[in-house]
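See structure below.
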Amino acid sequence: MKVAFPYMGTTVIYKKLIELLGHDVVEPPEPTQRTIELGVKYSPEFACFPLKVVLGSYIEAVELGATTIVTSGGHGPCRAGFYGETHKKILRNLGYDVDIIVFDDYKSDKTGTIKKVRRLKNGKSWFYLWKSLKTVYSMAKSLDNIEKRIEKMRAYEVNRGECTKAWQTIKTWFDEVENIEDVRKTEGKSNKLLGEIKLIEVPEPNKIKIGIVGEIYVVMEQSINLRIEEMLGGLGAEVERSQYLSKWIDFNLLPKGIGKEHELNILKKGEKYIQEIIGGHAKQTVGHIVDYAERGFDGVVHLMPFACLPELVSQSIIPAISKEHNIPVITLSIDEQTGAANTLTRMEAFMDLIKSIKRTKIA
Ligand code: SF4
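Residue numbers for the sequence shown follow the numbering used here, so the first one is 591 and each next one is one higher.
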C-alpha cells in the first residue's frame, strides 16, 4: 500500500511506523498556502479550519500517489468525529480513489479496530508490530523531550535560528532509526548538538515563560499557526505547549491507569470552568491556563481555529480565568486570512505588557 497520514507536528514519527510495517510511505508536504487553498475550496464553508487544512493535505498526498490514508478519529461532541467520513466523501466526490483508515476509540469497536490493525501490519507478526510500536513510542517521547528543550533555548540563542536549524537536523537523524537502541543513541547525539549552541545568560527572575494552549491541530502544526513558537522565542520568551504527541498517546492509547495522571490533573484544574467534555481540548485549554498560572508562567497564548465551537466556549471563559489567576492571556483566531505581520505586532505588544507586569513585580 502507498500510505499517507495527516500532516501534524513531528511527522517523522508517523512516517517511521508506516515504514517499519513495510509500506511505501507517501509523506504529505508541509502545509503551504496551496494546501490551505485546496482545503478551503473543497470543504463546506462552515467547517472548522483544521478540517480544511487536513483535506488540502490529503489532496496533495493523493496527488503524490497515496492510495491509503491512515488517521485517528475523534469522538465526543465536536466535529472531530466526522473528519474521517467527511474527508472520505469529499475525496470520492472529487474523483480520488483513496481509502481512509480511521482509528477511533478502540473500546467502542474492538473487532473493527483489530481488522484495521491486521491490514496495516502487512503480514508481520504481532510481536514485530509490538516492537515497532515501542520504537515509535520511544521516538515520540525523545523528540518531545528534545523539542521542549529547544522551546526554552530558542529565547536565549546568540545566533538567531540556530535552534530551529538543529531541530531540522535532529528530525533527519530520527528518520534513520530502526529500533529503541537507535532512538537512545540519537537522543544522546541530539542533546550533544543542542549543548553546542551558544546561549545568552539570563538571570532566572528576568526569564519570560509563555504557555501555548488551544485546539490540538493549531497548537501542534507550526506551518499553520504562523510558527508562533519561533516568533515568541525570537522575542525572548521560553515557550511550552499544552499538546505534545507523546502526551496524546499516553492519554488516548495507553491502557487504563498508565501515563494518564498529567492529563487527568489538567482536566481537574479545568473542572471549575467547564464541567463537561464539550469536544476538542476545550476543557484542557482552561485547565492548562490554570496550571500555567500556578507554575508561575508570565502569560498564555490561546490558539483558536476559525469555526471551532469548543474553543469559542473556552475563549468566552478565559477573561474570568485570567482575572482570577492573575495571568495575561491573548487569543489568536487561526484561519486562512491570518497574517504574520499582524500577529507579530500583537505578540510584541503582548510581550511589552508581560515585561511591564514583571518590572512592577520586581520593583
Ligand atoms: S476541536 Fe474545533 S477545530 Fe478541532 S475538530 Fe473540533 S470543532 Fe474542529
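Note that the Cβ used here is the ideal one computed from N, Cα and C, for glycine as well.
Between the alpha carbons of residue 819 and residue 706 lies a distance of about 36 Å. For residue 764, the enclosing alpha helix (DSSP H) begins and ends at 752-764. Between residue 897 and residue 638, the CB-CB gap stays under 8 Å. For residue 689, the uninterrupted beta strand (DSSP E) run begins and ends at 689-693, by DSSP.
In the structure shown, residue 900 falls within a helical segment according to DSSP collapsed to helix, strand and coil. For residue 612, the CB stays at least 7 Å from every heavy atom of the ligand SF4.
In terms of Cα proximity to residue 843, the closest of 855, 708, 599 and 724 is 724. The continuous beta strand (DSSP E) containing residue 895 extends over residues 889-895. Only residues of its own chain outside the window of five on either side were considered, and among them 642, 643, 646, 814 and 926 have a CB closer than 8 Å to the CB of residue 626, listed in chain order.
When the beta-carbon positions are compared, residue 691 and residue 710 come within less than 8 Å of each other. Under a 10 Å Cβ-count criterion, residue 831 is classified as buried, with 16 or more other Cβ atoms of the shown protein chains found around its own Cβ.
For residue 746, the distance from the CB to the nearest heavy atom of the ligand SF4 is not below 7 Å. For residue 709, the enclosing alpha helix (DSSP H) starts and ends at 700-711. With 16 or more other CB atoms across the displayed protein chains lying within 10 angstroms of its CB, residue 900 is buried. Its Cα nearest to that of residue 752, the residue 789 stands out among 936, 765, 789 and 776.
Contact between residue 829 and residue 802 is confirmed by a C-beta separation of about 6 Å, below the 8 Å threshold. Sequence-distant Cβ neighbours of residue 765 in its own chain, meaning closer than 6 Å and more than five residues away, are 602. Contact annotation: the region 650-661 touches the region 592-606, with at least three C-beta pairs closer than 8 Å. Looking only at 855, 894 and 715, the smallest Cα-Cα distance to residue 872 is reached by 894.
Assigned with DSSP and collapsed to three states, residue 835 falls in helix.
Residue 720 and residue 862 have their C-alpha atoms spaced approximately 40 Å apart.
Going by beta carbons, residue 799 and residue 888 fall inside the 8 Å limit. Its chain contains 798, 888, 889 and 918 as the residues whose beta carbon lies nearer than 7 Å to that of residue 944, once the 5 sequence neighbours on both sides are disregarded; these appear in chain order. Boundaries of the beta strand (DSSP E) harbouring residue 803: 798-804, taken from the DSSP string. Taking C-beta separations shorter than 8 Å and ignoring five residues to either side along the sequence, residue 679 has no partners in its chain.
Fully enclosed beta strand (DSSP E) runs of no fewer than 3 residues occupy 919-924 of the region 904-928, in order along the chain. If you ignore the 5 residues before and after residue 757, its C-beta comes within less than 8 Å of the C-beta of 736, 737 and 740, all in its own chain and listed in chain order. In this structure, the alpha-carbon of residue 850 lies about 22 Å from that of residue 904. Inclusion of residue 874 and residue 857 in the CB contact set at 8 Å is warranted, their separation being smaller than that value.
Annotation: the continuous beta strand (DSSP E) that includes residue 592 extends over 592-594. Excluding its 5 nearest sequence neighbours in each direction, residue 769 has C-beta neighbours in its own chain below 6 Å: 725, listed in chain order. Put simply, the backbone Cα of residue 787 is about 15 Å away from that of residue 824. Per DSSP, the continuous beta strand (DSSP E) segment holding residue 660 begins and ends at 658-662.
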